[in-house]
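I have placed the structure first, in the form of structure tokens, so that the comments after it can refer back to it.
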Amino acid sequence: MQPIAPARLNKNQRHERILHLLQIKPVVLISELAQEFNVSIETIRRDIDALAEQSLLQRTHGGAANMSTAKEGVLNQRKNIFPEERMRIAKEAEKQVSDGQVLMFDSSVTCTFLANRLAIAKKELTVITNSFSIAIALSENPTHQVIMLPGQYRASEGSCYGASTVSAVQQFNADHCFSSCGSITSEGITEYDQDVAALKREMIKRSRQTSILADHSKFGLGKLERVCGFEDVDLLITDQPMPEAMTKALNQSDVSWTVVK
């Protein structure tokens, strides 16, 4: 006799559970909530939107934060999620950078770790980014030039987004774009947020090469806002072996990939 599957929580029960989780830890991820409640990514996004409208939590990139954490800055909290794995990915990504190159960086934690390494290891880089943390890190090296993209400032993430940010990217061409993602599946790269996805699409479009830096928590999280297909990606760096369907799709698109340990 097979065990009876537990009943799904209704909307109010999910809301109560999300708020309870945010009393225990400062940040929750959409992907984790969807898995825990056995519902879709889209359902959790609607739950978070509803709670944010009541000022009960703060929407963040890929999740939600309690209100005190939002004041402190979500990026600092995100740095504590898989830090060793992300640092190893950043170390591998550093090998793709040569002195004097023009780079585009998104505002991801992994790219912040990469920026910290490049501030020491490389010289005369030009880096275009929407992240204040990345701009500050690279500015520690006086040989680097940092171009900070304008836009609507999200204080919780320390980054700028919006139509003016995308428009500003269109003024530049880069040797290499480094980006993380909300999710990576056999269909390509996706994000949780339309503005984030739009900016990453333009960064990739304006760059000669693109490397995606994604730890294992990004594997196969469902249908989100599409950024690009694998035909627009040159290299994927991750920390664990990927599902078979994903490696097959990467090979079919002639994408190089590296698993760092």
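Mapping of the sequence shown onto my numbering: position 154 corresponds to residue 160, and the numbering continues sequentially without gaps. Glycine included, C-beta positions come from ideal geometry on N, C-alpha and C. It should be emphasised that the depicted structure is a prediction, and the values quoted were computed from it without experimental measurement.
- Between arginine 232 and glycine 194, the C-beta gap is smaller than 8 angstroms, which places the two residues in contact.
- Our two residues, arginine 92 and aspartate 221, have alpha carbons roughly 7 angstroms apart in a direct line.
- Cβ-Cβ separation between histidine 67 and tyrosine 198: approximately 7 angstroms, consistent with a contact (criterion under 8 angstroms).
- Excluding the 5 residues flanking it on each side, glutamate 100 has same chain C-beta neighbours closer than 7 angstroms at Leu120, Arg123, Leu124 and Ala127, in chain order.
- Residues of the same chain with a CB within less than 7 angstroms of the CB of glutamine 107, apart from the 5 flanking positions on each side, are Leu131, Asp181 and His182 in chain order.
- The C-beta separation of phenylalanine 111 from serine 137 comes to about 7 angstroms, placing the pair in contact by the 8 angstroms criterion.
- The beta carbon of isoleucine 142 lies closer than 6 angstroms to none in the same chain, with the five residues before and after it left out.
- Separation of the CB atoms of arginine 23 and leucine 15 is rounded to 6 angstroms, and the pair is thereby assigned contact status at 8 angstroms.
- Burial is judged here by how many other beta carbons sit within 10 angstroms of a residue's own beta carbon; glutamine 64 has at least 16 and is buried.
- DSSP, reduced to helix, strand and coil, places methionine 248 outside both helices and strands of the structure shown, so it counts as coil.
- Using a Cβ distance threshold of 8 angstroms, serine 104 and serine 223 do not count as a contacting pair.
- Between the region 235-254 and the region 161-175, the count of Cβ pairs shorter than 8 angstroms is below three; the stretches do not touch.
- Within the region 137-167, the alpha helix (DSSP H) runs of at least 4 residues that lie entirely inside it are, in chain order, 138-145.
- The C-alpha of leucine 230 lies about 10 angstroms from the C-alpha of alanine 203.
- Taking a contact as a CB-CB distance under 8 angstroms, the pair phenylalanine 184 and leucine 155 does not count as one, their CB atoms being some 15 angstroms apart.
- If you compare the alpha carbons of Ile243, Leu227 and Asp240 with that of glutamate 48, the shortest gap goes to Leu227.
- By the C-beta density criterion, arginine 94 is buried, having at least 16 other C-beta atoms within 10 angstroms.
- A buried status is given to aspartate 53, since no fewer than 16 other beta-carbon atoms sit within 10 Å of its beta-carbon.
- Using a 10 angstroms sphere on the CB of asparagine 179, the tally of other CB atoms stays under 16, which defines it as exposed.
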